[in-house]
Amino acid sequence: MGTDCLFCKIVAGEIPAERVAESELAFAFRDVNPQAPTHVLVVPKRHEPDIGSLAAADPAAAVAVLDLARHIADEENGGSYRLVFNTGADAQQTVFHCHGHVIAGRSLTWPPG
Ligand code: 5GP
Ligand code: ZN
Numbered sequence: 029m030g031t032d033c034l035f036c037k038i039v040a041g042e043i044p045a046e047r048v049a050e051s052e053l054a055f056a057f058r059d060v061n062p063q064a065p066t067h068v069l070v071v072p073k074r075h076e077p078d079i080g081s082l083a084a085a086d087p088a089a090a091v092a093v094l095d096l097a098r099h100i101a102d103e104e105n106g107g108s109y110r111l112v113f114n115t116g117a118d119a120q121q122t123v124f125h126c127h128g129h130v131i132a133g134r135s136l137t138w139p140p141g
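When the count follows my numbering, it moves up by one through the sequence shown with no breaks and lands on 141 for the last residue.
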């Protein structure tokens with residue numbers, strides 16, 4: 029576990045969250061501040077700070093994150109969704125445990141800003 033990592037604690041059940049789905053290597057829960065009808069965070073169970081680090085360290089876990097994201101989007105919105113990995117402080121990453129935002133259920137604009 030990452031020292032004092034919020035999302036490691038959610039995966040471990042030490043901090044409550046609204047669990048949506050889970051696989052062997054990935055875990056999904058609802059964002060506490062949703063930006064769309066579906067706003068789910070998909071995280072690897074192992075601690076890595078971002079998706080690039082995860083892909084390098086554990087490709088199977090990176091694929092597991094993508095698979096779980098697709099599963100949730102299929103279940104909640106027929107497979108139409110945005111999957112966002114904010115990476116680095118300038119890109120508005122605030123929690124440094126890799127997470128993909130599955131955002132769906134409304135008409136989305138582009139560019140994201
Ligand atoms: P980031 O800005 O790092 O891409 O995304 C972090 C996300 O985590 C934000 O959308 C924020 O609302 C969400 N978040 C922060 N703290 C908690 C929490 O304690 N529980 C849940 N479910 N989501 C959280
Ligand atoms: Zn962590």
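We put the CB at the ideal spot given by N, CA and C, even for glycine.
Quiz item: Which one of L34, R74, V91, A119 has the shortest CA to CA distance from D59?
Solution: What you label residue 59 is simply residue 31 of the sequence shown in a count that begins at 1. Residue L34 is the option with its Cα nearest to D59.
Quiz item: Taking the alpha-carbon positions, what's the V39 to W138 distance?
Solution: Locating residue 39 in the sequence shown gives position 11, where the first residue counts as 1. Locating residue 138 in the sequence shown gives position 110, where the first residue counts as 1. If you take the alpha carbons of V39 and W138, they lie about 32 Å apart.
Quiz item: With contact counted as at least three CB pairs below 8 Å, one residue from each stretch, are the region 84-92 and the region 115-125 in contact?
Solution: no
Exercise. Within its chain, find whatever has a CB closer than 8 Å to the CB of V112; leave out the 5 residues flanking it on each side and keep chain order.
Key: Residue 112 sits at position 84 when you count from the first residue of the sequence shown. Counting only Cβ-Cβ distances below 8 Å, and skipping sequence neighbours, we find G128, H129, I131, P140.
Quiz item: What do you get for L96, buried or exposed, if any count of 16 or more other CB atoms within 10 angstroms of its CB means buried?
Solution: Locating residue 96 in the sequence shown gives position 68, where the first residue counts as 1. Burial call: buried.
Exercise. Would you decide whether L136 is buried or exposed? Buried here means 16 or more other CB atoms lie within 10 Å of its CB.
Key: Residue 136 sits at position 108 when you count from the first residue of the sequence shown. So L136 counts as exposed.
Quiz item: Which class does H67 belong to by DSSP, given the choice of helix, strand or coil?
Solution: The residue labelled residue 67 in the question sits at position 39 within the sequence shown. H67: strand per DSSP, three-state reduction.
Quiz item: Between V48 and A54, which are expected to be in contact by the criterion C-beta below 8 Å, what is the C-beta distance as a whole number of angstroms?
Solution: Numbered from its first residue, the sequence shown carries residue 48 at position 20. Numbered from its first residue, the sequence shown carries residue 54 at position 26. At roughly 11 Å, the Cβ-Cβ gap does not stay under 8 Å, so V48 and A54 are not in contact.
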